Amino acid sequence: MSDSHSHSHTDVPKAPALRIKAIETVLAEKGLIDPMAIEEVIQAYETKIGPRNGAQVVARAWVDPSFKERLLADAPKAVAELGYSGLMGENMVALENTSTVHNVFVCTLCSCYPWPVLGLPPTWYKSAPYRSRIVMEPRAVLAEMGLEVPAETEVRVWDSNAELRYFVLPMRPPGTEGWSEQQLAAIVTRDAMIGTASATISPDEQKGAHA
Amino acid sequence: MNGIHDVGGMQGFGKVEQEHNEPVFHEEWERRTFGTMFLFLASGIACIPELRYSTERIYAKEYLENSYFRRWIHSIEEALNCRGLAEIENLLPHSAPIGSAQPSMEHGPPLPKDFVMAALAAGVPSRVETEAAPRFALGDTVLAKNIHPRGHTRLPRYVRGKRGEVVGLRGSFALDDRIAHHLSPDLQPVYSVRFPARELWGADASENDAIYIDLWESHLDAA
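Chains as they are written, first to last, in the working numbering: chain W, 1 to 211; chain B, 1001 to 1223.
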């Protein structure tokens, strides 16, 4: 770099692996963290807290109208019935997709996301292309991602820039009548709960369900 | 600040690139960064708005060229530096904070491994009860203020000066714009405000579409 912000980094370890190791050491020395707990946090989000949780919530809402009512009225409370709660989900709101309204959420300023039901966000959700475009041209972005929203359907884009966290209750696809809650949960994807996809079934799945 | 983080409505970033079957973390150091960040915040010595403001002040070119978790490392480094807890040369060049008070040095004991799951499940409740009556009611037309603070704000550029409708009362929360600068909490009602797409983006936007955004009371004027 030769501009006015020129810095010499030649003597500083730039490798993030070394930087975070040094930070861990400092934080442990100062009595701020217990390094033995780090792996526990990581594994919680690798193995326990992820979009399968949200899929269970959606499936329950599809089969149980009174649960759906509670979910739309007070999402954190309803989600806690299934054992999910906590960090980045203290103030969640469930957004119901219908034949007239399609919801999709974003965090234009950073990466806010409903962790208890969806886990940690994918890279594209945190990226400048998604954050910049979804508020201005949602239909174009959704179409690129494979979701065509009919012109007469209202698209609502929710920017979670304050303390509220959103997730989408997608429409239950036709052809799933009589399916069990577990069968239904299996077709609910992370992207359907962000609002960049819909919940769908393949013709094979439709046949399988009737077999 | 009108920083590079405030990208809503900008053009020129290209297509949304999705990775099929993306893992939760791509690198071991990303895993460690996430785990360390959580425990650092759990100590109570720093807060999320402070760290967000730290990443927002990374020079725009560096912000775009460096990955999400690299920016996290930078923000922890700065939080340690500004408290005198370490003297680490930051990973990424950045500008100085504007109008900030002394950062807090208070913290609790380190979170032990056996308490991690309980802490995650409990979360950090942020909605607070206040006596003050909300200034706006459902159905009110409001104007997002046209302000350009040099410090941290959660009022994105793309709604400033635009008219919306109050469609939800979210309860009261401390204003991030102050907490990020280590200033005393200012508890205010937060509103869900609906902006028609055409109000924000003009006649080319679909007349059916709308943006919903949560705004603190001091970011709004009566319209």
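Beta carbons: idealized from backbone N, C-alpha and C, even for Gly.
None of the values given here were measured: they were computed from a predicted structure.
1. Smallest Cα separation from Cys112/W: which of Val63/W, Trp62/W, Ser99/W, Arg131/W?
2. In whole angstroms, give me the CA-to-CA distance for Ala22/W and Leu1155/B.
3. Tell me the DSSP bridge mates of Pro1196/B?
4. How far does the alpha helix (DSSP H) with Met88/W in it reach, from first residue to last?
5. Rounded to a whole number of angstroms, what is the C-alpha to C-alpha distance between Pro51/W and Val1016/B?
6. Sort Thr123/W, Gly178/W, Ile201/W, Leu169/W by Cα distance to His1026/B and report the nearest one.
7. Considering only DSSP beta bridges, list what Glu154/W is partnered with.
8. What is the residue span of the alpha helix (DSSP H) that Ala1119/B lies within?
9. So which residues on chain B does Ile33/W lean against when the C-beta distance must stay under 7 Å?
10. Listing by chain order, which chain W residues have their CB less than 9 Å from the CB of Thr1033/B?
11. Can you tell me which of the three DSSP states Leu1091/B falls into?
12. Against chain B, with Cβ distances strictly below 8 Å, would Ile42/W count as a contact?
13. Can you tell me whether Pro1110/B is buried or exposed, with buried defined as 16 or more other CB within 10 angstroms of its CB?
14. State the start and end residues of the unbroken alpha helix (DSSP H) segment that holds Arg1163/B.
15. Checking 8 Å against the spacing of the C-beta atoms, do Phe1136/B and Val1166/B come in under that value?
16. What's the gap between the Cα of Gly995/B and the Cα of Ala151/W?
17. Counting only runs of 4+ residues fully inside the region 56 to 90 of chain W, write out the alpha helix (DSSP H) ranges in chain order.
18. If the cut-off is 8 Å on Cβ atoms, which residues from the region 49 to 64 of chain W count as contacting chain B, listed in chain order?
19. Comparing C-alpha positions only, which one of Ala1223/B, Ala1122/B, Ile1073/B sits nearest to Phe1034/B?
20. For Leu95/W versus Trp179/W, is the C-beta distance shorter than 8 Å?
21. For chain B, is any of its Cβ atoms less than 8 Å away from the one on Lys68/W?
22. Tell me the DSSP secondary structure of Ile38/W in three-state form.
23. So which residues on chain W does Leu1064/B lean against when the C-beta distance must stay under 8 Å?
In terms of the structure at hand:
1. Arg131/W
2. Rounded to the nearest angstrom, the gap between the Cα atoms of Ala22/W and Leu1155/B is 35 Å.
3. Ala1210/B
4. In the DSSP assignment, Met88/W falls outside any alpha helix (DSSP H) and carries neither an H nor an E.
5. 20 Å
6. Thr123/W
7. Val101/W
8. 1116 to 1122
9. Thr1036, Leu1039, Phe1040, Ser1043, Pro1110
10. Pro16, Arg19, Ile20, Ile23
11. coil
12. yes
13. buried
14. No alpha helix (DSSP H) contains Arg1163/B, which is instead part of the beta strand (DSSP E) from 1163 to 1174.
15. yes
16. What is shown of chain B runs 1001 to 1223, which leaves residue 995/B out entirely.
17. Fully enclosed alpha helix (DSSP H) runs of 4 or longer: 65 to 73, 75 to 81.
18. Ile49, Gly50
19. The shortest Cα separation from Phe1034/B among Ala1223/B, Ala1122/B, Ile1073/B belongs to Ile1073/B.
20. no
21. no
22. helix
23. Ala128
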